[in-house]
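Enquirer: Submitted below is the structure of interest, expressed as structure tokens.
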Amino acid sequence: MASLIVISGKQTGQFLPLGQRTSVIGRAESLPLQILDDMVSRKHFRIRFDKGTVKYYAEDMRSKHGTFINAHRITQETVLAEDDEIQIGQTKMLFTEKDFESQENALMHWKKVGEKLRPTYNG
Numbered sequence: 003m004a005s006l007i008v009i010s011g012k013q014t015g016q017f018l019p020l021g022q023r024t025s026v027i028g029r030a031e032s033l034p035l036q037i038l039d040d041m042v043s044r045k046h047f048r049i050r051f052d053k054g055t056v057k058y059y060a061e062d063m064r065s066k067h068g069t070f071i072n073a074h075r076i077t078q079e080t081v082l083a084e085d086d087e088i089q090i091g092q093t094k095m096l097f098t099e100k101d102f103e104s105q106e107n108a109l110m111h112w113k114k115v116g117e118k119l120r121p122t123y124n125g
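Residue numbers for the sequence shown follow the working numbering, so the first one is 3 and each next one is one higher.
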């Protein structure tokens, strides 16, 4: 399975197990991961699991401010890879192919990823 972990914004630390289905993310109250951000559309983007390729795909749903993966605006369905950073509005999320039993486990994973990305000082 896979998960999204909110890594910046008002909901930092929340996570969404994605499962093998299509998940829509945005500001609408009815969504499984509602993003409380004024720059996020009601239905901003979706993540779809493809059983044939066993991969997850992200697609912007014609949002006003766009969906960015690793700081690049996407204009078509895009394959997601481990530790991709997705930004919508002022909110950033981390995509991981891992599934977590609890919010605490998801936060521990995020912390480890952050440590790997932090440059090492060679003074």
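All residues carry an ideal CB built from backbone N, CA and C; glycine is no exception. These figures come from a predicted structure and were not determined experimentally.
Between which residues of its own chain and residue 84 is the CB-CB distance below 8 Å, once the five residues before and five after are set aside?
Expert: 97, 98, 99
Enquirer: Give a yes or no on contact between the region 6-15 and the region 58-77, applying the rule of three or more CB pairs nearer than 8 Å.
Expert: no
Enquirer: What distance in whole Å lies between the Cβ atoms of residue 25 and residue 93, which are believed to be in contact at a cut-off of 8 Å?
Expert: Not really, about 15 Å apart at Cβ, beyond 8 Å.
Enquirer: On the DSSP letters alone, give me the boundaries of the beta strand (DSSP E) that residue 19 sits inside.
Expert: 17-19
Enquirer: From 28, 19, 79, pick the residue whose C-alpha is nearest to that of residue 41; which is it?
Expert: 28
Enquirer: So who's on the other strand from residue 45, going by DSSP bridges?
Expert: DSSP, once it has assigned bridges, lists no residue as partnering residue 45.
Enquirer: If you follow the beta strand (DSSP E) that residue 62 is part of, which residue opens it and which one closes it?
Expert: 57-62
Enquirer: Distance check for residue 54 and residue 70, CA to CA, integer angstroms please.
Expert: 25 Å
Enquirer: According to the Cβ coordinates, are residue 30 and residue 45 closer than 8 Å?
Expert: yes
Enquirer: Excluding sequence positions up to five away, which residues of its chain have a Cβ less than 6 Å from the Cβ of residue 65?
Expert: 43, 46
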